[in-house]
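Comments concern the structure below.
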Amino acid sequence: MSSELTRMTAAELSEALSKGDTTATEVTQAHLDQIAAVDGKVHAFLHVAADQALDQARQIDEERKKGTVRSPLAGVPIAVKDVFTTTGMPTTCGSRILEGWHPPYDATITTRLKRSGAIILGKTNMDEFAMGSSTENSAYGVTHNPWDLDKIPGGSSGGSAAAVAAYEAPLAIGTDTGGSIRQPAAVCGIVGTKPTYGGSSRYGVVAFASSLDTPGPFGRTVLDTALLHEVMSGHDPMDSTSIDAPVPPVVAAAREADVSGMRIGVVTDLSGEGYQPGVLARFAEAVELLESLGAKVTEVSCPHFRYALPAYYLIAPSECSSNLARFDAMRYGLRAGDDGTRDAEEVMALTREQGFGAEVKRRIILGTYALSSGYYDAYYGKAQQVRTLIIRDFDAAFGQVDVLVSPSTPTTAFRIGERADDPMAMYLADLCTIPSDLAGNAAISVPCGLADEDGLPVGLQVMAPAMADDRLYRVAAAAEAALTGRWGHPLLEDAKGL
Ligand code: GLN
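Counting from 1, position 491 in the sequence shown corresponds to residue 498 in this note's numbering; the numbering is continuous, with no gaps.
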């Protein structure tokens with residue numbers, strides 16, 4: 008029974024709980040057992056909150072006996088990226104500089120999860136301050152892809168994606184600044200969404216690049232991801248960029264799964280050189296399939312997307328250099344060299360030297376340079392202009408089609424260590440995902456089969472205009488249903504190597 012519970016989707020668990028076929032306590036214990044069994048190999052979690060999770064589960068069971076059900080996710084376990092503040096648990100952001108920090112408050116999304124009755128299992132591994140595409144930049148060790156333990160799980164939300172792919176949790180949350188939800192979802196064979204910027208609250212999410220950071224859901228199915236999307240999203244007065252509008256009807260769209268008459272644009276600029284043949288083959292088949300379901304498919308060019316990566320690597324480091332200035336050895340976590348012989352500035356410098364890893368330092372230096380007087384216009388200013396051109400490309404495209412599609416990533420999961428010393432090669436992992444972050448619109452990655460070369464998962468990316476997140480789920484659910492018939496459901500089969 009216990010392993011059956013971990014194989015169930017969140018929607019199935021929700022139904023079993025409401026019928027009384029199982030209890031939140033049983034479901035939680037089954038997932039804690041799975042974590043105990045496999046996380047030594049996967050290392051998805053930085054912190055497992057077993058006692059708190061079981062306490063929470065018992066409370067949900069008590070409530071249900073009395074007839075109170077908080078939401079469809081009441082009693083369903085979830086893993087939380089270690090970038091969300093959580094009371095009663097550490098929050099490290101994968102960094103030494105926050106080692107031992109226990110936040111005094113919950114992120115708005117943490118609060119919403121708790122209120123919904125979802126059971127928080129613990130905190131998941133991530134690239135330090137969400138900077139990376141492989142989770143190798145964590146100060147607390149690498150996470151392994153459950154499909155092949157020698158491969159990266161993607162990043163920066165690699166721990167969350169791996170936890171869901173390894174059946175340690177049916178659901179997880181992450182953040183997407185340049186692709187950190189969709190890219191790990193793609194390479195771990197699960198579903199992941201970057202909601203519209205401002206559609207999900209950043210309050211209590213440790214900031215990386217504030218004009219880009221977007222929290223979002225992971226699940227093994229499109230419907231599960233939509234259920235979580237609905238619970239975690241919506242207006243938050245604590246976040247000044249939060250959109251004051253109803254959450255798009257994502258669950259209804261996932262259930263409808265109907266693309267007939269929908270206009271789908273294939274982005275011609277997101278393919279070609281540098282893309283793995285097996286990725287392009289699965290993508291082309293997915294597009295054909297959508298066409299056979301009644302969608303009208305056309306090709307669309309977004310000529311400025313080729314500048315998205317360089318623009319991102321000026322804007323994101325610039326914002327990070329400002330955001331990470333708060334780690335000054337005075338307010339949080341680590342303080343190094345405070346032995347009475349050094350002044351405050353020396354302690355600050357030593358703490359930042361010891362507390363930050365190489366990639367974080369690289370970006371702080373780059374961002375500080377790009378923002379300095381004399382260079383601001385040439386670098387940061389130019390990058391912002393490019394951002395506007397990318398937004399215009401999207402506007403023109405969405406004048407012709409309802410959604411855009413592309414592969415989620417140029418390649419499948421690469422080997423651990425392969426790109427660790429080559430930042431440029433690492434940055435290429437987000438080639439397809441960054442345009443939607445710069446424009447602030449919505450995008451999803453849904454599995455579309457396995458590449459022939461290596462048998463590893465391939466993701467189909469669907470992009471929609473801001474606040475049209477429901478379209479993502481409509482297309483992704485249609486693709487998922489059709490692909491299940493063709494290849495089986497790769498994610499619901501046993502992940503290899505576990
Ligand atoms: N890989 C990208 C980066 O390192 C994206 C990270 C993210 O989305 N958090 O910046």
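Glycine residues also receive a C-beta, built at the ideal position from the N, C-alpha and C atoms.
Not one heavy atom of the ligand GLN lies closer than 6 Å to the C-beta of Ser218. One alpha carbon belongs to Pro442, the other to Pro417, and they sit about 14 Å apart. Collapsing the DSSP output to three states places Cys195 in a helix.
When beta bridges are read from the DSSP output, Asp155 appears opposite Asn152. The alpha-carbon separation between Val469 and Cys309 amounts to approximately 15 Å. Met431 and Arg65 have their C-alpha atoms roughly 48 Å apart. According to DSSP, residue pairing for Val453 in a beta bridge involves Leu467. Counting along the chain, Lys303 sits inside the beta strand (DSSP E) bounded by residues Lys303 to Val307. Counting only the Cα atoms, Thr248 lies some 9 Å from Ser218.
The DSSP-derived three-state label of Ile271 is strand.
CA-to-CA, the gap between Leu234 and Phe225 works out to about 10 Å. The stretch 191-211 makes no contact with the stretch 311-331: fewer than 3 CB pairs, one atom from each, lie closer than 8 Å. Closest option to Arg209, judged by alpha-carbon separation, among Arg394, Pro160 and Ile180: Ile180.
By DSSP's assignment, Ile85 forms a beta bridge with Ile127 and Leu178.
If you draw a straight line from the Cα of Ala343 to the Cα of Phe290, it is about 50 Å long.
Under a 10 Å Cβ-count criterion, Lys130 is classified as buried, with 16 or more other Cβ atoms of the shown protein chains found around its own Cβ. By the neighbour-count criterion, in which a residue is buried when 16 or more other Cβ atoms sit within 10 angstroms of its Cβ, Ser299 is exposed.
Contact between Val465 and Val294 is ruled out by a C-beta separation of about 13 Å, above the 8 Å threshold.
Nearest to Ala252 by C-alpha distance, out of Pro244, Glu19 and Val410, is Pro244.
Inter-residue distance for Gly27 and Arg71 is about 9 Å (C-alpha atoms, whole angstroms). It is roughly 41 Å from the alpha-carbon of Leu61 to the alpha-carbon of Arg369. A Cβ-Cβ distance of about 6 Å is found for the pair Val83 and Ser21, placing them in contact under the 8 Å criterion. Pro177 and Ala214 have their C-alpha atoms roughly 26 Å apart. The Cβ atoms of Thr440 and Gln63 lie no closer than 7 Å to each other. Within the same chain, Ser102, Arg103, Glu135, Asn144 and Ala146 come within 8 Å of Gly364 by CB-CB distance, once the 5 residues on both sides are set aside.
Bounds of the beta strand (DSSP E) holding Gly223 are Thr221 to Gly226. Judged by DSSP in its simplified three-state form, Ser145 adopts coil rather than helix or strand. Taken in chain order, the complete beta strand (DSSP E) segments of 3 residues or longer contained in the stretch 69-118 are 84-88.
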